[in-house]
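Q:
In UniProt numbering, the protein residues as written are 1 to 177.
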């Protein structure tokens, strides 16, 4: 949550704030060293874009879809979707941040047969930390309006990148990301 989740939340908040989504997509590329994770983020972004354009038609979504036909990074699309739905940067940051913790919790339930109520309780206990991540991401998005995408978080999680690259070589894939 404090690394890749913060980075995703910052990108989503910045897109919701109105920063150039193409510049943000380039910034997402720079912040995602793993080719596998870049491809996955674009595929998930393309899928979200399809749903978003159906639910909240928007010239900004249309423009990004036209400029990135193979998909833009999912956090950027998420932020632009929030903007199209009249939500603000903190809302987009919450969605991205929550996704960063709920995905692993869901995976733990599926792979380790953990009690889903226990996993949900862990997510609830993470709420104060998520609030902190969202505050940092939204603040960075505000700064990025003046300073550019370089003001956004660029925290990394090298073990996630390594694990994603290794996972891509498995004959049986468990998850998209």
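From the three backbone atoms N, C-alpha and C, an ideal C-beta is built for every residue, glycine too.
From the DSSP output, in three-state form, read off residue 49 for me.
A: As a position in the chain shown, residue 49 is number 49, starting the count at 1. Residue state, collapsed to three classes: helix.
Q: Could you give the first and the last residue of the continuous alpha helix (DSSP H) run that contains residue 103?
A: As a first step, residue 103 is located in the chain shown; it is residue number 103 there, counting from the start. Residues 89-112.
Q: Just the Cα atoms here: how many angstroms apart are residue 111 and residue 104?
A: Taking the first residue of the chain shown as 1, we reach residue 111 at position 111. Taking the first residue of the chain shown as 1, we reach residue 104 at position 104. One C-alpha to the other measures close to 10 angstroms.
Q: For a test of the three-state rule: what should DSSP assign to residue 126, helix, strand or coil?
A: As a first step, residue 126 must be located in the chain shown, where it is residue number 126. Correct three-state label for residue 126: coil.
Q: Short of 8 angstroms in beta carbon distance, which residues of its chain neighbour residue 119, apart from the five on each side in sequence? Order them along the chain.
A: Position 119 of the chain shown, counting from 1, holds the residue named residue 119. Closer than 8 angstroms at Cβ, skipping near neighbours: 105, 106, 108 and 109.
Q: Could you give the distance in angstroms between the alpha-carbon of residue 37 and the alpha-carbon of residue 30?
A: As a position in the chain shown, residue 37 is number 37, starting the count at 1. As a position in the chain shown, residue 30 is number 30, starting the count at 1. Straight-line Cα distance between these residues: approximately 12 angstroms.
Q: So for residue 148, helix, strand or coil by DSSP?
A: Along the chain shown, read from residue 1 onward, the residue named residue 148 stands at position 148. Coil.
Q: Might you give, ordered along the chain, the residues of its own chain that have their beta carbon closer than 7 angstroms to the beta carbon of residue 3, omitting 5 neighbours on each side?
A: As a first step, residue 3 must be located in the chain shown, where it is residue number 3. Closer than 7 angstroms at the Cβ level, and outside the excluded window around residue 3, lie 155, 156 and 157.
Q: Please classify residue 34 as buried or exposed, where buried requires at least 16 other C-beta atoms within 10 Å of its C-beta.
A: Taking the chain shown and counting its residues from 1, the one referred to as residue 34 is at position 34. So residue 34 ends up on the buried side.
Q: Quick one: using the 10 Å Cβ neighbour count with 16 as the cut-off for buried, is residue 74 buried or exposed?
A: Along the chain shown, one-based indexing puts residue 74 at 74. Buried, since its Cβ has 16 or more Cβ neighbours within 10 Å.
Q: Please state the DSSP three-state secondary structure of residue 167.
A: As a first step, residue 167 must be located in the chain shown, where it is residue number 167. Three-state result, residue 167: helix.
Q: Is the region 83-92 touching the region 9-20, taking contact as three or more C-beta pairs under 8 angstroms?
A: yes
Q: Do residue 97 and residue 48 have their beta-carbon atoms positioned less than 7 angstroms apart in this structure?
A: For the purposes of this step, residue 48 is taken as residue 48 along the chain shown, with counting starting at 1. For the purposes of this step, residue 97 is taken as residue 97 along the chain shown, with counting starting at 1. The answer is no: Cβ separation not under 7 angstroms.
Q: CB residue 76 to CB residue 15, shorter than 7 angstroms?
A: For the purposes of this step, residue 76 is taken as residue 76 along the chain shown, with counting starting at 1. For the purposes of this step, residue 15 is taken as residue 15 along the chain shown, with counting starting at 1. For residue 76 and residue 15, yes; Cβs fall inside 7 angstroms.
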